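Data first, discussion second: the structure below is written as structure tokens.
Numbering (UniProt numbering), first residue to last: 1 to 397.
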């Protein structure tokens, strides 16, 4: 038995983005932020003071109101241990974040002042200074500086954590804190570089995120650009974004804190260009759409986006220096107007803000790769049936 079949098949293959350099290729999207917000709200206040702090602080980083504020305030006042510096820090921080929550700590000034000593570790000093500030109490700046300098001078094994804690404590001091700023570069040198794309510390998300936030916090306090290169900043941001699928309250806080820092600071703001749609390019869908945002998916408007070159798989040029058209929250280019044949294409982009902004990093981002598809008309289909056991042809259709 034989038959002839005529049919039409539309072959559709998706558009993909390929990172060839170190520029981040993803962000913490608005939808992902909403999911995190819902999860945090459900977990309020938390199992302990530390978790309550991470939950409340993370909601504030998401510019969200904190529900159950009165219940949370009662919780922290019940849980706070007046003799424990970390407990005082978490409780007083929650109280300050809520705004209308007074945290009562007995003998706070004496307890916290006693913690600022060369015999303490830098984390304890950081928490003590932060607590004093939260509670509106006096910080002994000389004792704090002297203790931190002494510890940093001797620290070897826990150098990066000690530097990080020092950054936070020093950002509350009015005097000369160059001793803290000057060790930033040494700490960055201890970061691990992965695949020429990421920079991270041995402590993972917590250590890396905490360090980044501390660096830019002190830099803002001193009004001085941090000793982190553009390439390093982009690689740190790429690592942090690669860790966006997190679960714990602690990880959520350190992710949000550091991404907020990179999204808006006075010195270095990574710009991320990525494909806005994964739909295949064809006669029915002619537009390559690109979204240009910060790490938290806030779009940059009035940006000149240009396709510097569009190359096929053989590196032959299809088009060059073609401007994208700005839409509400993305930019688009009709690539089918260049009459491409089916196949993969690489597009090199360049970005230019309407006004010069020295903070912006990554204005020549990674190439993006897209695929043009076409309709295929199948005129004949021939199916041959074999007898597996006897290895002989039985029939053809």
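Where is the CB? At the ideal position from N, CA and C, for every residue including glycine.
Remember, predicted model here, so these are calculated numbers, not experimental data.
- [ ] Go ahead and label residue 100 buried or exposed: buried means 16 or more other beta carbons lie within 10 angstroms of its beta carbon, across all protein chains shown.
- [x] By the neighbour-count definition (other C-beta atoms within 10 Å, threshold 16), residue 100 is an exposed residue.
Open item on the list: So within the UniProt domain "Ribophorin II second" (271-372), which uninterrupted beta strand (DSSP E) runs reach at least 3 residues, ignoring any that extend past its ends?
Closed with: Those beta strand (DSSP E) runs which fall completely within the UniProt domain "Ribophorin II second" (271-372) and span 3+ residues are 272-275, 287-293, 303-312, 317-323, 331-334, 343-353 and 368-372.
TODO: State the start and end residues of the unbroken alpha helix (DSSP H) segment that holds residue 79.
DONE: Run containing residue 79: 69-79, per the alpha helix (DSSP H) assignment.
Open item on the list: What would DSSP say about residue 375, mapped onto helix, strand or coil?
Closed with: It is a strand residue.
- [ ] Assuming residue 199 and residue 236 form a contact by the criterion Cβ under 8 Å, report the distance between their Cβ atoms to the nearest whole angstrom.
- [x] For a cut-off of 8 Å, the C-beta gap from residue 199 to residue 236 is around 5 Å, short enough to register as a contact.
- [ ] Alpha carbon to alpha carbon, how far is residue 202 from residue 291? Give it in angstroms, no decimals.
- [x] Rounded to whole angstroms, residue 291 to residue 202 spans 33 Å at the Cα level.
- [ ] Please work out which residues of its chain come closer than 6 Å, Cβ to Cβ, to residue 365, disregarding the five sequence neighbours upstream and downstream, and give them in chain order.
- [x] Shown here for residue 365: same chain residues with a beta carbon closer than 6 Å to its own, the five before and five after excluded, namely 23, 273 and 349 in chain order.
TODO: Mind checking who residue 154 pairs with in its DSSP beta bridge?
DONE: BP columns for residue 154 are empty, so no partner.
TODO: Would you please state the rounded distance, in angstroms, between the beta carbons of residue 188 and residue 152? I believe it to be under 8 Å.
DONE: With a Cβ gap of about 15 Å, residue 188 and residue 152 do not count as contacting.
- [ ] Grab the span of the alpha helix (DSSP H) containing residue 251 for me, first residue to last.
- [x] Annotation: the continuous alpha helix (DSSP H) that includes residue 251 extends over 249-263.
Task: Short Cβ contact (7 Å threshold) for residue 122 with residue 166 - done: Against a cut-off of 7 Å, the Cβ pair of residue 166 and residue 122 comes out as a contact.
- [ ] Tell me residue 239's beta-bridge partners as DSSP assigns them.
- [x] Partner(s): none; residue 239 has no beta bridge.
Open item on the list: Quick check on residue 385: does DSSP put it in helix, strand or coil?
Closed with: The DSSP-derived three-state label of residue 385 is strand.
- [ ] State buried or exposed for residue 45, treating a residue as buried only when at least 16 other CB atoms are found within 10 Å of its CB.
- [x] Around the CB of residue 45, 16 or more other CB atoms lie within 10 Å, so the residue is classed as buried.
Task: Whole-number beta carbon distance between residue 268 and residue 233, since they are thought to touch under 8 Å - done: That pair is a contact at about 5 Å.
- [ ] May I ask you to list the residues that DSSP assigns as paired with residue 269?
- [x] Per DSSP, 360.
TODO: Would you mind sorting residue 131 into buried or exposed? The rule is 16 or more other CB atoms within 10 Å of its CB.
DONE: Buried.
Task: residue 326 versus residue 304: straight-line alpha-carbon distance, rounded - done: Going by C-alpha positions, residue 326 is about 8 Å away from residue 304.
- [ ] Hey, could you find the ends of the beta strand (DSSP E) residue 200 is sitting in?
- [x] Unbroken beta strand (DSSP E) run through residue 200: 198-200.
Open item on the list: With H, G and I counted as helix, E and B as strand and the rest as coil, what does DSSP make of residue 192?
Closed with: DSSP places residue 192 within a strand segment (E or B) once states are collapsed to three.
TODO: Output the distance between the C-alpha atoms of residue 142 and residue 243, rounded to the nearest integer angstrom.
DONE: Just so you know, the alpha carbons of residue 142 and residue 243 end up roughly 39 Å apart.
Task: Beta carbon of residue 91 nearer than 7 Å to that of residue 40 - done: Not in contact: residue 91 and residue 40 (Cβ atoms no closer than 7 Å).
Task: Presumed contact (8 Å Cβ cut-off) between residue 83 and residue 111, rounded CB distance - done: With a contact defined as Cβ atoms closer than 8 Å, residue 83 and residue 111 qualify at about 6 Å.
Open item on the list: For residue 359, which residues in the same chain have their Cβ closer than 8 Å to its Cβ, ignoring the five residues on either side in sequence?
Closed with: Only 265, 266, 267, 268 and 269 meet the Cβ criterion.
Open item on the list: According to DSSP, simplified to helix, strand and coil, what is residue 165?
Closed with: Note: residue 165 maps to helix in three-state DSSP.
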